[in-house]
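Participant: The opening position of the sequence shown corresponds to residue 80 in our numbering, with each subsequent residue numbered one higher. Cβ coordinates follow ideal geometry from the N, Cα and C atoms, glycine included. I have a structure here, written as structure tokens, and I will follow up with some questions on it.
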Amino acid sequence: ENSLELYGSKKDVETLRIQISENKTVEDPYARLTSIDSILEAASKLEEKLQHKWRSDRPHGVLRLLAETIKTAEAEKANAEAARAAKEEAERKLAEKKARMEKLVKATNEVLDSDNPKSVEQL
80 ENSLELYGSK KDVETLRIQI SENKTVEDPY ARLTSIDSIL EAASKLEEKL
130 QHKWRSDRPH GVLRLLAETI KTAEAEKANA EAARAAKEEA ERKLAEKKAR
180 MEKLVKATNE VLDSDNPKSV EQL
């Protein structure tokens, strides 16, 4: 094995690990999900390249590190998907609450504007 190639491959894996770590700090779950998808794609391409390069019975250390990195990225993707789902649920609830408030304001304004005011209980 060429040690320079090995070093470059290990550096590629370390770069992916850093990207995964940095991605965890992104607040927008949609951006996190998009980013982790591209990281997983890059990891998959690197895995193909390395498996082709090192065809042997025993897994190479870099391949093991890459496999761990892919597992970490997949776990981060699951976290990002959960965060996205939570954000969508919160946005849905907020929209429902806003609609209820708008309906109440409209009904209140109609009562206040009418010539025959009703009591609050009649709303």
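#1: Determine, using beta carbons only, whether K166 and I115 come nearer to each other than 8 Å.
#2: By the 10 Å Cβ neighbour count, where 16 or more other Cβ atoms means buried, how is T148 classified, buried or exposed?
#3: Please determine if the region 168-175 and the region 118-133 are in contact, where contact requires at least 3 C-beta pairs separated by less than 8 Å.
#4: Hey, how far is the Cα of V141 from the Cα of Y109?
#5: Using DSSP with H/G/I as helix, E/B as strand and the rest coil, what is D107?
#6: The alpha helix (DSSP H) spanning D192 covers which residue range?
#7: Exposed or buried, which one is V92 when buried takes at least 16 other CB atoms within 10 Å?
Facilitator: Per the coordinate set shown:
#1: Locating residue 166 in the sequence shown gives position 87, counting from the first residue. Locating residue 115 in the sequence shown gives position 36, counting from the first residue. Not closer than 8 Å, so no.
#2: For the purposes of this step, residue 148 is taken as residue 69 along the sequence shown, with counting starting at 1. Counting Cβ neighbours within 10 Å, T148 comes out buried, since at least 16 surround it.
#3: no
#4: For the purposes of this step, residue 141 is taken as the residue at position 62 of the sequence shown. For the purposes of this step, residue 109 is taken as the residue at position 30 of the sequence shown. Taking the straight line joining both Cα atoms gives about 30 Å.
#5: For the purposes of this step, residue 107 is taken as the residue at position 28 of the sequence shown. In this structure, D107 counts as coil in the three-state DSSP scheme.
#6: Position 113 of the sequence shown holds residue 192. Element bounds for D192: G140 to D192.
#7: Against the sequence shown, residue 92 aligns to sequence position 13. It counts as buried.
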